[in-house]
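Worksheet: the structure to be examined is printed underneath.
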Amino acid sequence: MYQSDVYKKLPTTVLKVQGRDIEFLVDSGATNSVLKKSLFPNQKLSGRLVLSRSASGMVLPERFTVPMTCVHTDPEDPEPERRVKCAFLLSPVCPVNLLGRDLMSENVMTCEKLTDWTDTADNCISFSPSTGYYRKLLSRRVSCVRSVLILNEPVSTTDTFLHGLIKNCQPVVIMPRSDFRPQKHQYPLKQEAIDGIRPVFNSLLTAGVIVPCPDSPVRTPIFPVKKIRAKDLPTEWRFVQDLKAVNAAVHTRVPHVPNLYTILQGIRGDAAWFSVVDFSNAFFSVPVDKESQFWFTFLFDGKPYTFTRLCQGYTESLTIYNDALRDSLESLTLSPGSSLLQYVDDILIASSTKEMCE
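The sequence shown lines up with residues 1 to 358 when you count with full-length UniProt numbering.
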């Protein structure tokens, strides 16, 4: 029964975009609506971009289109043909078109909580007769102390921009597809952005994470991104490099970052206390082989530099880092009754008591 088309059905709707009927998955968790680039390969883009964690699992810079005309037809709507303008996120990796909260608001769509869920033969599956939808519940419910303990003292380096090397981690060797070496021009940057990443650049240069690389045949642009921070905190910038051209020119390992929901099944049933560790600047803890470092070359103040550590945005970074940290943690001995779950650079320790968790 649960393999039927009804069970697999997801909430979708059709909008007419630039005169074409396009099917969208309604996703209230998406801030911006997304179009697959394959549908509009020559669509004019705006200067706006955003870093998004896509369906591929990678954090990639993606650009917005110029406003496109969208028409939503609904016979039950007081305004049966609603016409709006929307700047879509044009994604080469998202497998479906997403109708996010921006277009939902423009088209006066609402999310309603269903109250007619009924049990099925499977205790983890409920069915809504009014919509024909099924939902899967969490297979295990855990009672826990609903409070957060924040450490007053940092437990890692005091340097915001650095991270130590993972013990016994082998340097990454990059395998090219051919003799082609991409060269992309550095687009103009605002002085505010250049000044914003200069402290990051200087710190990484001093530590040897960034080094001069005058003879590299590769060039890719950088684009500083302002971090989202509270109003009372000072402005900080993220050093981001556009490595799409490099990613297309190299052989990639088979990605095997574990599924997050599968990982969570490893939490013990009696776990009530949890500790979370998020490794800052995690990829910088993985070295790059000296003969492969030229692949990450960029220009700053008109001079060529490159990274000696793994870069965010490189196609293999998630897989390589996940494996390196997993191997490093294999020898770790936990307190009895505790379990450790790792997802890339995030670690969760689950225990039955506070003392075990500490």
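Every residue gets a Cβ at the ideal spot worked out from N, C-alpha and C, and that includes glycine.
By Cβ distance below 7 Å, which residues in the same chain neighbour Val257 in space, the five residues on each side in sequence not counted? So the qualifying residues of the chain are Gly57, Leu318, Thr319, Asn322 and Val344.
So for Lys244, helix, strand or coil by DSSP? Three-state result, Lys244: helix.
Over what stretch of residues does the alpha helix (DSSP H) that includes Gly313 continue unbroken? Going by DSSP, Gly313 is part of no alpha helix (DSSP H) at all; its letter is neither H nor E.
Going by DSSP in three states, Arg253 sits in which element: helix, strand or coil? The answer is coil: DSSP assigns Arg253 none of H, G, I, E or B.
Is Leu99 near Leu15, with beta carbons less than 9 Å apart? Contact check for Leu99 against Leu15 passes: the beta carbons are separated by less than 9 Å.
Using 10 angstroms around the beta-carbon of Tyr261, count the other beta-carbons present and answer buried if the total reaches 16, otherwise exposed. Exposed, because fewer than 16 other Cβ atoms sit within 10 Å of the Cβ of Tyr261.
Spatial distance of Leu10 from Thr110 (CA atoms): The straight-line gap from Cα to Cα measures roughly 16 Å.
Cβ neighbour criterion (16 or more within 10 Å) applied to Gln3: Because Gln3 carries a pLDDT of 43, less than 50, the predicted location of this residue cannot be relied on, and the following value inherits that uncertainty. With fewer than 16 other Cβ atoms within 10 Å, it is exposed.
Identify whether Met1 lies in helix, strand or coil by the three-state DSSP scheme. Because the pLDDT of Met1 is 36, which lies under 50, any placement of that residue in the model is unreliable, and the question is left without a value.
Quick one, which of Phe239, Glu316 and Leu103 has its alpha-carbon nearest Asn247's? Among Phe239, Glu316 and Leu103, the Cα nearest to that of Asn247 belongs to Glu316.
Pick out the complete alpha helix (DSSP H) segments inside the UniProt domain "Reverse transcriptase" (206-358), 4 residues or longer, and give them in chain order. Fully enclosed alpha helix (DSSP H) runs of no fewer than 4 residues occupy 244-248, 260-264, 317-329 and 354-357 of the UniProt domain "Reverse transcriptase" (206-358), in order along the chain.
From the DSSP output, in three-state form, read off Phe24 for me. Strand at Phe24.
Inspect the CB distances between the stretch 30-45 and the stretch 89-105 and report whether three or more fall short of 8 Å. Between the stretch 30-45 and the stretch 89-105 there are three or more C-beta pairs closer than 8 Å, enough to call the two in contact.
Three-state secondary structure (DSSP) of Ile166: Looking at Ile166 - three-state DSSP - the assignment turns out to be coil, as it is neither helix nor strand.
Using the beta-carbon count (16 or more within 10 Å), is Gly313 buried or exposed? Result: buried.
So, for Arg198: in the same chain, excluding its five sequence neighbours on each side, which residues have a beta-carbon less than 8 Å away from its beta-carbon? For Arg198, same chain residues with a beta-carbon under 8 Å away, outside a window of 5 residues either side, do not exist.
With distances taken between CB atoms, is the gap from Lys244 to Thr235 smaller than 9 Å? No. Outside cutoff.
Proximity of Val288 and Phe296 at Cβ, strictly below 9 Å: A contact, by the Cβ cut-off of 9 Å.
Is the shortest distance between the beta-carbon of Arg83 and the beta-carbons of chain C less than 9 Å? Among the chains in the structure shown there is no chain C, since it carries only a single protein chain.
I need the DSSP call for Leu89, collapsed to helix, strand or coil. Residue state, collapsed to three classes: strand.
Hey, how far is the Cα of Glu192 from the Cα of Arg238? Rounded to whole angstroms, Glu192 to Arg238 spans 13 Å at the Cα level.
Bridge partner(s) assigned by DSSP for Val50: In the DSSP output, where bridge partners are listed per residue, Val50 has Glu62.
Could you say if the stretch 263-279 and the stretch 339-356 meet the contact criterion of at least three C-beta pairs nearer than 8 Å? Contact holds: three or more Cβ-Cβ distances are below 8 Å.
Is the stretch 203-216 touching the stretch 304-313 in the sense that three or more CB pairs, one from each, lie closer than 8 Å? Touching, yes, given that three or more Cβ pairs across the two stretches are closer than 8 Å.
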